[in-house]
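Enquirer: So that we are looking at the same thing, I have put the structure below in structure tokens.
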Amino acid sequence: MKKSKKADLSTTHRICILGAGGAIGSYLAIYFHNLGYEVVAVVRTLNSAMRIGRYPLRIRSLDILKTDVSVLIEMFEDIETVIDCTFSAGMNVDETIRDSEALAEKIISASNHAKVSTLIHYGTISVYPETSAPVDENTVCEFKNNPYADGKLAAERLLLNFESSTNVIVLQLPIVIGPYLGWTQRTFSMMVNNRLSFPSPIQGHCSPIDVSDVALATKLAIDTYKAQDSQYQRFLIHADIELSWEEYFLAYSELDESLRVEILSRDEFENRLQLQNRQNTAWSVLKSKFSQDGDFRQLMLSQRGIKSIYSVAKRISGQSGMDQIKGRLATGIPASDTAIVLKNIDSRLLNTLDVMPKIDSSKAKNVLGFESHLSFSQSMKVIGQWAKWARII
Amino acid sequence: MSAIRIAIVGCGAVTKLSHLPALIGNDNYKLTCLIDLNEDEVFELASLHEVNSSTDYMQVLDQFDLAVVATPPSTHYQIVIDLLNAGKHVLVEKPVTTNFLQAEKMIALAKAEQRMLAVSLVRRFDPSFRFLKDLLDSKILGKIVSFDLEEGGVFNWPVQTEKFFNVEFIGGGVLMDHGAHILDACLWWFGEVNKLDYKDDSFGGVEADCNLQLEFESGVSGSITLSRLRNLKNRLFIQGEAASLSLNFANGELKLYPEAGSMNLVGTVESSSNEIVSTVDLFKIQYQSIYDGLKSIDNSGPKMVTAKDCLSAISLVEKCYINRKPYDGEAWSE
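Protein sequence lines correspond, in order, to chains A and B.
Taken in order, the first sequence gives residues 136 to 528; the numbers are from our numbering.
Taken in order, the second sequence gives residues 6 to 339; the numbers are from our numbering.
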């Protein structure tokens with residue numbers, strides 16, 4: 136059995152959360168504080184600490200990439216568990232991989248030196264290949280030239296190969312939803328600004344997990360491995376919520392009248408264009424553009440989106456006008472007159488929607504005893520309450 | 006007229022972003038010294054501005070006549086007392102102090118020493134705030150019935166110390182910080198408060214979101230919501246018996262809706278120079294008001310805000326914290 140000096144210091148479990156200014160990190164800091172853990176919350180910038188600052192936590196400001204590892208070792212001196220919620224997005228894939236490896240190496244190195252019992256690290260299911268068969272922890276992962284997935288994979292590989300007396304537990308997550316969560320905020324943003332279309336054919340699975348389930352899985356992992364010999368373990372965490380992307384977005388659309396959407400098939404969309412504005416050549420241009428590309432099957436438009444497309448069309452006088460609009464969309468200008476996104480514009484988002492595989496999470500269930508405690512509708516109810524409070528809808 | 010020798014005690018974000026830019030190039034003032042406990046940082050900043058630096062204001066008393074105190078609120082009291090006892094005029098950042106009794110002592114000492122004790126409540130110099138004050142005084146809205154004020158956004162102020170989250174050290178959160186401006190303005194506009202109900206989201210740390218329900222002696226009832234977590238409407242809506250009014254804090258847009266008739270008035274409050282007034286501009290106006298006050302110059306410009314002027318706001322903040330009710334869980338779940 137592993138003998139940790141940390142267990143002798145106090146009966147209070149001391150946790151250090153890195154990246155505690157982010158949505159997942161701040162949720163975990165509050166969650167573990169409320170469970171009676173002593174929490175050291177590390178943020179890169181203090182202005183991101185307003186949520187956790189409402190609690191009597193020990194808050195530290197550190198840019199870990201720029202911090203000497205000796206500072207981390209000193210900080211981890213009385214810490215039993217380090218929870219790593221950091222991610223550094225570089226300017227490109229190579230930079231992201233380099234920074235992710237540097238972060239992971241510093242954190243595991245300092246954890247090992249300070250004799251931290253367990254390091255929890257968050258991976259992503261995006262590291263798995265596009266496949267129709269379910270993936271599990273034994274499925275081979277390869278780099279995809281996708282900054283987020285490749286950065287995560289690089290960090291995981293570094294942790295796997297690092298000789299350490301610290302347990303390293305990697306929890307691989309699907310999209311995480313909940314108040315303040317990036318995916319939730321991005322979904323609202325896409326719907327409010329009508330920056331949404333579906334690729335054709337729609338593939339993959341939308342397997343959202345509520346942030347409270349991430350916290351639960353984290354606690355179970357800590358409890359399971361705190362007295363174990365050092366080891367590296369990886370778990371796919373899944374809430375057993377099987378949704379199509381269409382169902383996912385429709386659930387958001389039902390939260391508020393302003394987000395109500397219509398889902399149009401390609402034929403319906405073309406008919407709509409003809410019906411709405413037979414005499415306007417602009418609509419013919421739009422229609423021909425969609426027909427030529429032929430690369431979308433469904434299009435989701437909110438009420439605002441339908442109004443906006445009229446104004447887009449009115450500005451188009453020919454092919455060059457269409458190219459101009461596409462160019463503006465490609466630069467991501469969220470102007471009211473650029474409210475519809477063609478398939479090939481936000482390729483990163485569409486790839487994400489496309490390729491998320493089906494998850495076999497039996498290992499987490501059998502080893503950690505993890506089962507989701509919240510249904511998708513319960514999660515959406517909380518999200519709706521938060522979004523109204525936050526003036527998002 | 007000779008320039009006033011000025012030193013700044015505390016060189017955090019508000020000094021760097023507001024006080025120094027407002028003083029640079031101002032012939033009415035001669036910046037002589039920057040003072041901060043962080044020796045390296047204050048030396049670097051002072052070198053940049055070609056002035057002296059120190060870690061102890063008591064060691065450089067001969068170098069200034071007016072001191073700006075821009076340290077954390079819990080330290081204001083002792084520093085201001087020391088400076089007034091040394092015969093210095095003081096401009097203290099808001100909030101003046103974290104409790105009412107201390108504020109009274111500071112004001113009494115300033116009076117006894119015949120020194121100026123001004124407070125950096127620069128929103129009082131905002132043209133839209135001043136215009137609103139004139140409008141309310143003119144009774145154009147008739148008897149005021151109620152108001153609803155929201156101000157807040159996802160926090161982006163460059164906090165420089167972890168002590169910002171130490172409630173003992175900092176005194177409070179969004180109410181103490183942002184509320185100092187807003188409560189001061191509401192008391193200026195609507196008079197004294199005789200009943201309050203206050204809730205915030207502190208769970209033992211500093212609150213980031215709060216709501217006040219107020220009843221004023223004038224009969225006005227009001228709701229104030231402040232936040233560092235969400236992007237609020239940033240506007241004030243006032244319901245009067247003759248007309249209602251909304252003021253957008255972000256752009257100074259003012260809408261007037263008379264009860265009678267079908268016409269509305271929409272316009273933007275501008276300064277007399279028709280220029281958009283930035284935060285630094287408000288600090289420049291403040292420094293002009295202090296110069297005029299200290300040099301006994303009588304003009305039509307706004308008068309400086311003294312500590313005595315904002316005693317009611319200090320008292321109100323203190324009452325809020327004393328009578329505080331917590332949100333039941335996260336605010337959105339209520």
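Virtual Cβ for every residue (Gly too), placed ideally from N, Cα, C.
Here the structure is a predicted model, which means the values were calculated and not measured.
1. In angstroms, rounded to a whole number, what distance separates the CA positions of Asp348 of chain A and Val322 of chain B?
2. Hey, does Ala336 of chain B have any beta-carbon neighbour from chain A nearer than 8 Å?
3. I want to verify the contact list: residues of chain A whose CB lies under 7 Å from the CB of Arg233 of chain B, in sequence order.
4. Once you ignore the five residues that flank Glu118 of chain B on each side, which residues in its own chain have a CB closer than 6 Å to its CB?
5. Suppose only complete runs of 3+ residues qualify. What are the beta strand (DSSP E) ranges in the region 334-386 of chain A, listed by chain order?
6. With a threshold of 8 Å between beta-carbons, can Trp318 of chain A be considered close to chain B, or not?
7. I'd like to know if Ser512 of chain A contacts chain B, where contact means its C-beta is closer than 8 Å to some C-beta of that chain.
8. Going along the region 298-327 of chain A in order, which residues come within less than 8 Å of chain B, judged by CB to CB distance?
9. With C-beta atoms as the reference, is Glu215 of chain A less than 8 Å away from Ser261 of chain A?
10. Whose C-alpha, out of A:Lys523, A:Asp219, A:Lys516, is nearest the C-alpha of Ile357 of chain A?
11. With H, G and I counted as helix, E and B as strand and the rest as coil, what does DSSP make of Tyr262 of chain B?
12. Applying a beta-carbon distance threshold of less than 8 Å, which residues of chain B neighbour Asn182 of chain A?
13. Would you check if the distance between the CB atom of Leu378 of chain A and the CB atom of Ser496 of chain A is smaller than 8 Å?
14. From Asp297 of chain B to Ile9 of chain B, what does the alpha carbon distance come to, in whole angstroms?
15. Return the CA-CA distance between Asn43 of chain B and Thr60 of chain B, expressed in angstroms with no decimal places.
16. Is DSSP giving Phe152 of chain B helix, strand or coil here?
17. Whole angstroms is fine: what's the gap from Ile468 of chain A's alpha carbon to Lys287 of chain A's?
18. Tell whether a beta-carbon distance below 8 Å holds between Asn236 of chain B and Val172 of chain B.
19. If you measure beta-carbon to beta-carbon, which residues of the region 220-253 of chain B are closer than 8 Å to chain A?
20. Between the region 192-223 of chain B and chain A, which residues of the former have CB atoms less than 8 Å from a CB of the latter, in chain order?
21. Using the beta-carbon count (16 or more within 10 Å), is Pro331 of chain B buried or exposed?
22. For my contact list, Glu246 of chain B and Lys148 of chain B are in at a C-beta cut-off of 8 Å; report their separation, rounded to the angstrom.
23. Can you tell me whether Leu234 of chain B is buried or exposed, with buried defined as 16 or more other CB within 10 angstroms of its CB?
24. Which residue's Cα is closest to the Cα of Asp41 of chain B: B:Leu250, B:Ala18, B:Ala113, B:Glu155?
25. Taking 8 Å as the threshold, find out whether the region 218-226 of chain B comes into contact with the region 190-210 of chain B through three or more Cβ pairs.
26. Does His508 of chain A pass the burial test, meaning 16 or more other C-beta atoms within 10 Å, or should it be called exposed?
27. Mind the definition here: the region 149-156 of chain A touches the region 129-145 of chain B only if three or more C-beta pairs lie below 8 Å; say whether that holds.
28. Of all Cβ atoms in chain B, is any one closer than 8 Å to the Cβ of Tyr172 of chain A?
29. What does the alpha-carbon distance come out to for the pair Met121 of chain B and Asp206 of chain B?
30. Which whole runs of the alpha helix (DSSP H) in the region 205-269 of chain A are 4 residues long or more, in chain order?
31. Using a 10 Å radius around the Cβ and a threshold of 16 neighbouring Cβ atoms, would you call Asn304 of chain B buried or exposed?
32. Quick check on the DSSP output: the alpha helix (DSSP H) that includes Cys325 of chain B runs from which residue to which?
33. What do you get for Thr230 of chain B, buried or exposed, if any count of 16 or more other CB atoms within 10 angstroms of its CB means buried?
34. Which residues in the same chain have their Cβ closer than 8 Å to the Cβ of Lys138 of chain B, if we skip the five residues on either side of it in sequence?
35. Between the region 187-203 of chain A and chain B, which residues of the former have CB atoms less than 9 Å from a CB of the latter, in chain order?
36. Is the CB of Ala525 of chain A under 8 Å away from at least one CB in chain D?
Expert: With the structure as the only source:
1. 39 Å
2. yes
3. Met185
4. Leu89
5. 367-371
6. no
7. no
8. Pro314
9. no
10. A:Asp219
11. strand
12. Phe160, Asn161, Trp162, Pro163, Val164
13. no
14. 11 Å
15. 7 Å
16. strand
17. Residue confidence is low: Ile468 of chain A scores 29 on pLDDT, short of 50, so the model does not pin down where it sits. No coordinate-derived value is stated.
18. no
19. Arg233, Leu234, Arg235, Asn236, Leu237, Lys238
20. Asp206, Ser207, Phe208, Gly209, Gly210, Val211, Glu212, Ala213
21. exposed
22. 5 Å
23. buried
24. B:Ala18
25. yes
26. exposed
27. no
28. no
29. 37 Å
30. 228-248
31. exposed
32. 316-327
33. buried
34. Trp193, Trp194
35. Ile187, Gly188, Arg189, Tyr190, Pro191, Leu192, Arg193, Ile194, Arg195, Ser196
36. In the structure shown, chain D cannot be found, because the protein chains are A and B.
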